[in-house]
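Engineer: Going by our numbering, 192 is the number at position 192 of the sequence shown; the sequence numbering is gapless.
Here a beta-carbon is modelled for each residue, glycine too, at the ideal position from N, C-alpha and C.
Below you will find the structure I want to go over with you.
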Amino acid sequence: MRKNLKIAYLFLALFFSGLLNFSFSQELTEKEYSSTFKLAAQIKGVSNFFTTDHLGNIYVVEDHQIKKYGLSGILQETFSNKNYGTIAAIDASNPLRLLVYYRDFGTIMFLDDELSLIGSAISLVDFGLDQATLLCASWNDGIWLYDPQDFQLKRMDQNLKTSHRSGNICQMVGVEINPNFIVESNNFVYLNNPQNGILVFDQYGTYFKTIPLKGLEQFQLNGDQVFFEEEGKLKSYNLKLFVENSIDLPGEIARVKGVRFERESKLLVIQKENSIELFLIED
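See below:
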């Protein structure tokens, strides 16, 4: 009898401990989402797109040019190369090794934190991968690419050797895919297929699961949270609790073209038709 009571007490203790931990994590989320945004700076001008890094730097792309701004909106560095056409994508997950992709010419460049070229430009034509539509930086200076010719993810290591392949993704998930975005985070690769969600693969290219967030253009990963913009709101989806939160974006939302949220630097960046606005979070 006493043994059963001890087991019951232990179960209750663990149960309520779990509730407290859950409530605490929710409290932090609610506190963050009750914060207000203060306009810190405005970068004027029309741009193709932008991205950010965890340090709070903003990278603005205008055709073949990259402009790097700090938290205060002051221009820090510029980079331009007209030889490879328009810049299609930037991965700033490593601020010391910025990945730049010129899709029209199948060319990759890496830039340092001063936007100076690291090494030489890499031509994917030399590796038979010039049809790759998406790519992102990977662990240990590698690169993930999506090749629509055989519906595969392919990873190139730091020596530009193909180290991993996913296999035919269409056969794995049982649907046709037309992905529009890729990113690696916390040893997982996230391939966005708007029609059926975010396809998740491990660091070796093995399919893991599909996150049921459909219709997205882009998103960010921060710990267990997926951040994205939808209908004028900044939303987050918790990958462990399967809970979605949202907050209204500041200012006029009708002309929003892109949004990024850097949790560590408490920075919210909103791209509009003729400007990019920088907001800092105030508790």
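According to DSSP, simplified to helix, strand and coil, what is Arg-260?
Structural biologist: strand
Engineer: Do Thr-52 and Glu-282 have their C-beta atoms closer together than 7 Å?
Structural biologist: For the pair Thr-52 and Glu-282, the CB atoms are not nearer than the 7 Å cut-off.
Engineer: Cutting at 7 Å between CB atoms, please list the residues of its own chain near Lys-31, excluding the five before and the five after it.
Structural biologist: With a pLDDT of 49 at Lys-31, under the threshold of 50, the predicted position of this residue should be treated as unreliable, and no value is reported.
Engineer: Measure the alpha-carbon distance for Gly-251 versus Leu-39 and round it to whole angstroms.
Structural biologist: 9 Å
Engineer: How big is the Cα-Cα spacing for Phe-227 and Cys-170?
Structural biologist: Distance between the alpha carbons of Phe-227 and Cys-170: 26 Å.
Engineer: Do you know how far the Cα of Gly-223 is from the Cα of Val-269?
Structural biologist: 19 Å
Engineer: Within the same chain, show all residues whose beta-carbon is closer than 6 Å to that of Arg-103, passing over the 5 residues directly before and after it, in chain order.
Structural biologist: Ala-88
Engineer: Going by the beta-carbon positions, is the gap between Gly-232 and Ile-211 smaller than 7 Å?
Structural biologist: For the pair Gly-232 and Ile-211, the CB atoms are not nearer than the 7 Å cut-off.
Engineer: Please check the pair Leu-213 and Tyr-237, which I expect to be a contact at CB under 8 Å, by giving their CB distance rounded to whole angstroms.
Structural biologist: That pair is a contact at about 6 Å.
Engineer: Have a look at Ile-108 and Leu-124 and give me their C-alpha separation to the nearest angstrom.
Structural biologist: Ile-108 and Leu-124 have their C-alpha atoms roughly 8 Å apart.
Engineer: Could you tell me the alpha carbon to alpha carbon distance between Asp-63 and Gln-195, rounded to whole angstroms?
Structural biologist: 28 Å
Engineer: Applying the 10 Å Cβ sphere with the 16-neighbour rule, what's the burial state of Lys-68?
Structural biologist: Its Cβ being crowded by 16 or more others within 10 Å, Lys-68 is buried.
Engineer: Specify the secondary structure class of Ile-122 as computed by DSSP and reduced to three states.
Structural biologist: strand
Engineer: In angstroms with no decimal places, state the Cα-to-Cα distance between Phe-24 and Gln-203.
Structural biologist: In this prediction, Phe-24 scores a pLDDT of 30, lower than 50, which makes its location untrustworthy; the coordinate-derived value is nonetheless stated afterwards. Phe-24 and Gln-203: Cα-Cα distance of roughly 31 Å.
Engineer: Using the three-state DSSP reduction, which class does Phe-105 fall into: helix, strand or coil?
Structural biologist: helix
Engineer: Return the chain-ordered ranges of every beta strand (DSSP E) run that is complete within the segment 200–278 and spans a minimum of 3 residues.
Structural biologist: Within the segment 200–278, the complete beta strand (DSSP E) segments of 3 residues or longer fall at 207–211, 220–222, 225–230, 233–238, 244–248, 258–262, 267–271, listed in chain order.
Engineer: Quick one: residues in its chain with C-beta nearer than 7 Å to the C-beta of Arg-263, no 5 flanking neighbours on either side, listed in chain order?
Structural biologist: By the criterion of a C-beta distance shorter than 7 Å, Arg-263 is surrounded in its chain by Asn-222, once the five residues flanking it on both sides are discounted.
Engineer: Report the rounded CA-to-CA distance for Thr-162 versus Asn-192, giving the unit in angstroms.
Structural biologist: 22 Å
Engineer: Counting Cβ pairs closer than 8 Å, one from the segment 172–180 and one from the segment 72–89, do we hit at least three?
Structural biologist: no
Engineer: Over the uninterrupted alpha helix (DSSP H) stretch that includes Val-46, give me the two end residues.
Structural biologist: No alpha helix (DSSP H) holds Val-46; DSSP gives it neither H nor E.
Engineer: Give the C-beta separation of Leu-55 and Ser-265 to the nearest angstrom, bearing in mind that I take them to be a contact with Cβ-Cβ under 8 Å.
Structural biologist: 6 Å
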